[in-house]
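In terms of this note's numbering, the sequence shown opens at residue 2 and continues consecutively. Beta carbons are placed, not taken as given, at the ideal position from N, Cα and C, and that holds for glycine. In this text the structure is predicted, and so the values were computed from the model without any measurement.
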Amino acid sequence: MMRKLTIIAALGAAALLTGPVFAAGLDELPADQQAVYKMVDPQTPIGPSPFRDFVPKKKAPWKIGYASTYAGNTWRKNVLEEFTNVLLPAYKKAGLVSDLVVTQSDLKDATQIQQMRQMVDDGVDAIIICCSNVTAMNQTIEYAHSKGVPVFSFSGYVTSPYAMTASENQTQGGYTSAKWLAEKIGGKGNVLLVSGIPGFASSDSFDIGAKQALGEYPGITLTGNVNGNWTDQVAQTEVQKFLATNPGQIDGMVVQSASENGVVNAVLQSGRPMMPIVLGGEASAACYWRKNADFIDKSFHFWPPRADARLVWDVMMRTLEGQGPKMQSILRPVIPYTIDDVKAQLPENCDPNSTDWVEPLNNAWWTPEAAAAHFDRPEDPLTWKQK
Numbered sequence: 002m003m004r005k006l007t008i009i010a011a012l013g014a015a016a017l018l019t020g021p022v023f024a025a026g027l028d029e030l031p032a033d034q035q036a037v038y039k040m041v042d043p044q045t046p047i048g049p050s051p052f053r054d055f056v057p058k059k060k061a062p063w064k065i066g067y068a069s070t071y072a073g074n075t076w077r078k079n080v081l082e083e084f085t086n087v088l089l090p091a092y093k094k095a096g097l098v099s100d101l102v103v104t105q106s107d108l109k110d111a112t113q114i115q116q117m118r119q120m121v122d123d124g125v126d127a128i129i130i131c132c133s134n135v136t137a138m139n140q141t142i143e144y145a146h147s148k149g150v151p152v153f154s155f156s157g158y159v160t161s162p163y164a165m166t167a168s169e170n171q172t173q174g175g176y177t178s179a180k181w182l183a184e185k186i187g188g189k190g191n192v193l194l195v196s197g198i199p200g201f202a203s204s205d206s207f208d209i210g211a212k213q214a215l216g217e218y219p220g221i222t223l224t225g226n227v228n229g230n231w232t233d234q235v236a237q238t239e240v241q242k243f244l245a246t247n248p249g250q251i252d253g254m255v256v257q258s259a260s261e262n263g264v265v266n267a268v269l270q271s272g273r274p275m276m277p278i279v280l281g282g283e284a285s286a287a288c289y290w291r292k293n294a295d296f297i298d299k300s301f302h303f304w305p306p307r308a309d310a311r312l313v314w315d316v317m318m319r320t321l322e323g324q325g326p327k328m329q330s331i332l333r334p335v336i337p338y339t340i341d342d343v344k345a346q347l348p349e350n351c352d353p354n355s356t357d358w359v360e361p362l363n364n365a366w367w368t369p370e371a372a373a374a375h376f377d378r379p380e381d382p383l384t385w386k387q388k
């Protein structure tokens, strides 16, 4: 059954914050950085950082914990590789990090809670978490805080007042990419939304933005919403099932990475004409675009994995070094990219089954200028020296 979008009524308390945000710390940022916070999921903790005057419980080198929720997609693979093969060796060499402890909870909140508490008891100095339930970890985060262990959430926020968030602005990402799609199909037609995992901040926040954008076009109908679980195999199965049981025309799809390659394959296997699809950075789907240049004219970095990994690591290290983060949530804006950017990163004979990603170039995701603006005492965290 197709339903017309009535977005503001449907969202209720989750309606977007679209005006200027007034919060301690935010008003100290330059105007271009403040602009990133003008459209946010209202549950995102926008306020002063609890670690502005943080002093670590001991000197470097520090032991870091990464309590991941699962490892089953290309995004997670690239994040873990960046942590273990790039960042850890560099910071070990600099004498700033001694070890990285990694756990996987297989999407079980109770398991992640146990793993985080064990990390604290085993003496980690900071914990990174990703894409977790927005409230389930809060008591454990408070426990870590009581032991002098700061927790840093990336690619999604948590609502604890004792955590830092270093993340893309997923609401802006959903809004921007869905608005592009709406314009691309002429402001009318049927759209399928392929979400991530409902209940997780990055998925829900993205969908809030996407649905608001689509709701601004009376000629657009949200004809379906399936969950791709940020995994190509899952998304391909769910989209195939939807297409098989809904014979009506689909004019475009808004897709949360990392599942766009599964969505592209589902459409190809359905025998339907290819329609515009929002891509988020998977090199496999970008390879299809590389070989079919007229497929779309733009796509978006809304959570590039390696850049996201570098962002949260940088924020964590600066905080441990006492550089004084101003904001509890440090957000990054969506970055569009074009076929020329894809051609610059992928060869003509690119691999349609690649597990790599097309990433923003030249530190565009987290520039030195943006980093300096968000901290009271900014220094290059890799070359920082203990006093």
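Using only alpha-carbon positions, find the residue among the options that is nearest to residue i.
i           : options            : result
residue 79  : 259, 251, 276      : 259
residue 156 : 138, 201, 163, 142 : 201
residue 308 : 63, 38, 77         : 77
residue 230 : 194, 247, 169      : 194
residue 110 : 88, 71, 82         : 71
residue 1   : 360, 357, 368, 331 : Only positions 2 to 388 of the chain appear in this structure, which leaves residue 1 out of reach.
residue 268 : 240, 250, 358      : 240
residue 367 : 224, 310, 342      : 310
residue 354 : 295, 261, 345      : 261
residue 57  : 321, 369, 328      : 321
residue 324 : 350, 376, 276      : 376
residue 351 : 289, 90, 26        : 289
residue 132 : 112, 158, 142      : 158
Within 10 Å of its beta-carbon, does residue i have 16 or more other beta-carbons around it, so buried, or fewer, so exposed?
i           : result
residue 306 : buried
residue 192 : buried
residue 362 : exposed
residue 263 : buried
residue 347 : buried
residue 212 : buried
residue 147 : exposed
residue 291 : buried
residue 170 : buried
residue 287 : buried
residue 250 : exposed
residue 45  : buried
Look at the Cβ atom of residue i, then the Cβ atom of residue j, and state whether they are nearer than 8 Å.
i           : j           : result
residue 218 : residue 40  : no
residue 165 : residue 49  : no
residue 238 : residue 206 : no
residue 127 : residue 153 : yes
residue 312 : residue 167 : yes
residue 106 : residue 119 : no
residue 125 : residue 65  : yes
Could you give the DSSP three-state label for residue i: helix, strand or coil?
i           : result
residue 104 : strand
residue 118 : helix
residue 278 : strand
residue 158 : coil
residue 142 : helix
residue 262 : helix
residue 382 : coil
residue 169 : strand
residue 376 : strand
residue 290 : helix
residue 137 : coil
Checklist line | Completely contained beta strand (DSSP E) runs for the region 25-94, where each covers 3 or more residues | finding: Those beta strand (DSSP E) runs which fall completely within the region 25-94 and span 3+ residues are 63-69.
Next item on the list: Enumerate, from N- to C-terminal direction, the unbroken alpha helix (DSSP H) stretches of 4 or more residues contained entirely within the region 182-260.
Entry: Secondary structure in the region 182-260: the alpha helix (DSSP H) runs of 4 residues or longer, each lying completely within the stretch, are 202-216, 233-246 in chain order.
Item checked: Every unbroken alpha helix (DSSP H) within the region 295-347, with a cutoff of 4 residues, ordered by chain -> Fully enclosed alpha helix (DSSP H) runs of 4 or longer: 306-321, 340-346.
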